[in-house]
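**Q** Let me begin by handing over the structure; questions about it come next.
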Amino acid sequence: MEICINYGGARHCFFLPIFQVPVHWGKPGPGPVNYPALFQDAMILAAVSNVAKQITDEHVRKSVEQGITAGFQAAQKHAGADVSINPVARG
Numbered sequence: 106m107e108i109c110i111n112y113g114g115a116r117h118c119f120f121l122p123i124f125q126v127p128v129h130w131g132k133p134g135p136g137p138v139n140y141p142a143l144f145q146d147a148m149i150l151a152a153v154s155n156v157a158k159q160i161t162d163e164h165v166r167k168s169v170e171q172g173i174t175a176g177f178q179a180a181q182k183h184a185g186a187d188v189s190i191n192p193v194a195r196g
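Its first residue numbered 106, the sequence shown is counted upward by one per residue in my numbering.
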């Protein structure tokens, strides 16, 4: 990612690293396998949801959270009525 700022008559560009950990869930859950990547997708959504809490700008954070909610809803729809996805972890 690159962020450029025009300041003092000059353009200053900063390259920001993208931190990414490979995530792979190799075995499907029980029953009909209509969504073999369910656990992998859910782990990624949960991780992004947790990291989104650190976004300092309220408007940006809320926009990201809305996208995450839409992602969980899409995963739930794809998984079907026999699957329950609760994005809030239970202790």
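For every residue, glycine included, the Cβ atom is placed at its ideal position computed from N, Cα and C.
Bear in mind that the values here come from a model prediction, so they are computed numbers and not experimental data.
1. Please confirm whether Ile173 and Ala180 have their CB atoms less than 8 angstroms apart.
2. So, is the C-beta of Glu107 closer than 8 angstroms to a C-beta in chain D?
3. Here's the rule I'm using: 16 or more other beta-carbon atoms within 10 Å means buried, otherwise exposed. How should Ser154 be labelled?
4. Considering only C-alpha positions, which residue in the set Glu163, Leu150, Asp162 and His129 is nearest to Val193?
5. Count the other C-beta atoms from every protein chain shown that fall within 10 angstroms of the C-beta of Ala115, then say buried if there are 16 or more, exposed otherwise.
6. Give me the residue from His117, Tyr112 and Glu107 with the minimum Cα distance to Ile123.
**A** Based on what the coordinates show:
1. If you check the CB distance, Ile173 and Ala180 do not come in under 8 angstroms.
2. Any reference to chain D falls outside this structure, which holds one protein chain only.
3. buried
4. Leu150
5. exposed
6. Glu107
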